[in-house]
Structure formats: structure tokens, C-alpha cells
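Every letter in the sequence shown is one number past the one before it in numbering that gives the first Met the number 0, and letter 275, counting from 1, is 274.
Ideal Cβ placement from N, Cα and C applies to all residues, glycine included.
Some notes on the structure that comes next.
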Amino acid sequence: MRFGYTLPNHYGVEDPADLVGLASEAEDLGFDSVWVSHHLLNLDYIADRLGTKPYYDPLTVLTWVASGTERIRLGTSVLVLPLLEPMALSKQLATIDIMSGGRLDVGVGVGGMRAEIEAIGFDLANRGTYTDESIEVMKALWTGEAVSYAGRHFSFSGALASPAPLQAPHPPLLVGGSSDPSLRRVARYGDAWHASMLLPDRMAPRLERLDQELEAVGRTRSDLSLSVRLVVEDAVPHDTVEAYAELGVEEVALEIETGDVAEQRRWLRALAAELIARS
């Protein structure tokens, strides 16, 4: 089992340097990865949690973290693709992958906050097709060759994006979500399924559905990996981690729900002592 740590870029930490410090400490403690969250606007439940406190841009944070670490992998959990333009995004991600020495994991999803997606003028009914085409566009541009594409949302001819990512053929693509359309997207495009807040008893039946979607496109579970984002509540989640391992989950990204940096550090050290040191 690999263990990741979710940086609190979405919990109103006042000094962004603290995020880099937490990532560096996670690396020193033996964590395998650090993860950042993505939203644009403090709306809905984010407004309830943060008010006017900062929610830092994930890719900017990862760039700073990359410069302050050496080996720990850098993941997005997850980029809400309907909020982003895929050509520009593919360039940003390729650049981070190169500048980090090939340490990037790209988690993507359709997003679930209606108010935010509608606030930018996006038709919620189109988010699935837009997400699929965004993935296809990024994968095409990441080849480093002149490519053409014709879709509902994007169309271009002879487009060449350079540089290509360091990791070939591209950084691992982790697809989030647990609905039927999301699992279909995992099967079609994913190098991994990145489930969020899905406890083992709820994950098991969704894995059966994922197997069906994989079979439909000529793939099997061995063609991808499983990762989970898990909120740590009042104790180190030994039993939950063991249950995930029995389901074949290879990495758990642990999240601590606070913007208190001292409390983040306390939990980070406790999780390292209880999980990493014993794994």
C-alpha cells in the first residue's frame, strides 16, 4: 500500500508557504505522494467552510511544491475539467511534469458543484461530453506531434504542442467519480480509478460495475490501478486501510479537514508513525 497526503490548499491556510512546508515534511516522513484539490469559486459548501479565506490554485501550488521537494509524487484530486480549457491545461501539466522530473499524476473529473459550473456560464448537461473530449484533446497534444481533432466542443487541425510530458506516453491519468458514466470514463481513458470519499463497503459494488465497463472496451482490472481519497476523522484509519487493501486499492490519499497548520503537522506525523512505518 502507498500513502498520499492531501495538502490543505482548500482549507483557508493563510500563508501558502505552509503548503510547501507540509509537502516537504510529508516527503521526509516517507509519504509517496501529495495531492491538491480544485475549485475556482468559494460557493456552496466551500463558502460555508471558508467564507472569504483562500482556496489556492492547485497547479500553482504543485509548481511550488515541485521546486521544494525531490521524490514525492504530485497529484491532482481532481481537476474539474468543465472549469478548464484543455489546450492550455495540457501545456501546464506537461510543463509541471518536466519541471518536477516526471512526478505528476493527473486526476480529473466532471465536478459536482452545480453553482460553480453554472456561474462560469457552462451548460451542466454538457459536462460529460466536454470532459471526455478534454481528455482526448490532452492525450493527443501530449504526443508532441502535429495532431487533428474533430469533436462537439473542440475542433482543430495540425496542432503541435511542445514540450511533451516527460512521462511517456503521458502522466498517469486518474479518473474520479463513482457514477456509471464516471466508471465508463475510467474504463475508456483511465490509468487508474481515483475514488473520493467512497468507503470500502460502498466501493465493492462499484468495482463490479467497473469490471463490466472494462470488459466492454476490452480491458480488465489489471490494466489500471485503484486509488482512494480518504478523510481522516478521529483516529488513524487502520481498519479502513486494510479493507481497501483487500479490494485491491494500491494508494490511499489521506485528508485532514482543517486549515490549522499545526494540527495538520500533528496528524501528518501520527499517520506516518501508524501507517507508513508499519507498512
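Coarse secondary structure for R1, derived from DSSP in three states: R1 falls in the strand class under three-state DSSP.
Where R183 sits in the DSSP three-state scheme: Helix.
T75, DSSP secondary structure in three states: Looking at T75 - three-state DSSP - the assignment turns out to be strand.
Whole runs of the alpha helix (DSSP H) within the region 114 to 170, excluding any shorter than 4 residues: With a minimum length of 4 residues, the continuous alpha helix (DSSP H) runs that stay inside the region 114 to 170 are 126 to 140.
Per DSSP, cross-strand counterpart(s) of I255: DSSP output for I255 lists V231 as bridge partner(s).
Backbone secondary structure at G67 - three-state DSSP: G67: helix per DSSP, three-state reduction.
Secondary structure of G20, DSSP reduced to three states: Helix.
Within 8 angstroms, strictly: CB atoms of A158 and L140: Cβ distance < 8 angstroms, so A158 and L140 count as in contact.
Supposed contact pair E115 and L39 - C-beta distance, whole angstroms, cut 8 angstroms: Yes, L39 and E115 are in contact; Cβ-Cβ is about 6 angstroms, under 8 angstroms.
Own chain, CB closer than 6 angstroms to T5, minus 5 neighbours either side, in chain order: The answer, listed in chain order, is W34, A252 and E254.
Residue burial classification, D27 (beta-carbon count within 10 angstroms, cutoff 16): By the neighbour-count criterion, in which a residue is buried when 16 or more other Cβ atoms sit within 10 angstroms of its Cβ, D27 is exposed.
Host beta strand (DSSP E) of E107 (start-end): At residue 107 the sequence reads Val, which differs from the Glu that was named. Going by DSSP, V107 is part of the beta strand (DSSP E) stretching over L103 to G108.
Residues near T219 by beta carbon distance below 7 angstroms, same chain, minus five either side: Cβ neighbours of T219 beyond the five flanking positions: L213.
Residue span of the alpha helix (DSSP H) that contains L88, given as start and end: Boundaries of the alpha helix (DSSP H) harbouring L88: P85 to M98, taken from the DSSP string.
CB contact flag (S224, A191, <8 angstroms): The criterion of a C-beta distance shorter than 8 angstroms is satisfied by S224 and A191.
Best match in G175, G143, L172 and R126 for proximity to P162 [C-alpha to C-alpha]: When C-alpha distances from P162 are compared across G175, G143, L172 and R126, the shortest belongs to G143.
Neighbourhood of V146 by C-beta distance below 7 angstroms, restricted to the same chain and skipping five residues each side: Taken in chain order, the residues that qualify are A139, L140 and A158.
Backbone secondary structure at S224 - three-state DSSP: The answer is strand: DSSP assigns S224 an E or B state.
Sequence-distant residues of its chain with Cβ nearer than 7 angstroms to Y243 (five each side left out): Beyond the five residues adjoining it in sequence on each side, Y243 comes within less than 7 angstroms, by CB distance, of P199, V227 and V251 in the same chain, given in chain order.
Backbone secondary structure at E13 - three-state DSSP: Three-state result, E13: coil.
Three or more C-beta pairs below 8 angstroms linking the region 101 to 120 and the region 171 to 185: In short, these stretches touch, since the Cβ pair count reaches three.
The region 72 to 91 in contact with the region 119 to 133 per 3-pair CB rule at 8 angstroms: Short answer: they touch.
Residue interval of the beta strand (DSSP E) (run including L209): Per DSSP, L209 lies in no beta strand (DSSP E) segment; the continuous alpha helix (DSSP H) that holds it begins and ends at P199 to A215.
Own chain, CB closer than 7 angstroms to D210, minus 5 neighbours either side, in chain order: Within the same chain, and ignoring the five residues on either side of D210 in sequence, the residues whose Cβ sits closer than 7 angstroms to its Cβ are R220.
For L270, three-class secondary structure by DSSP: Note: L270 maps to helix in three-state DSSP.
Inter-residue spacing [alpha-carbon to alpha-carbon] between R102 and R70: The straight-line gap from Cα to Cα measures roughly 7 angstroms.
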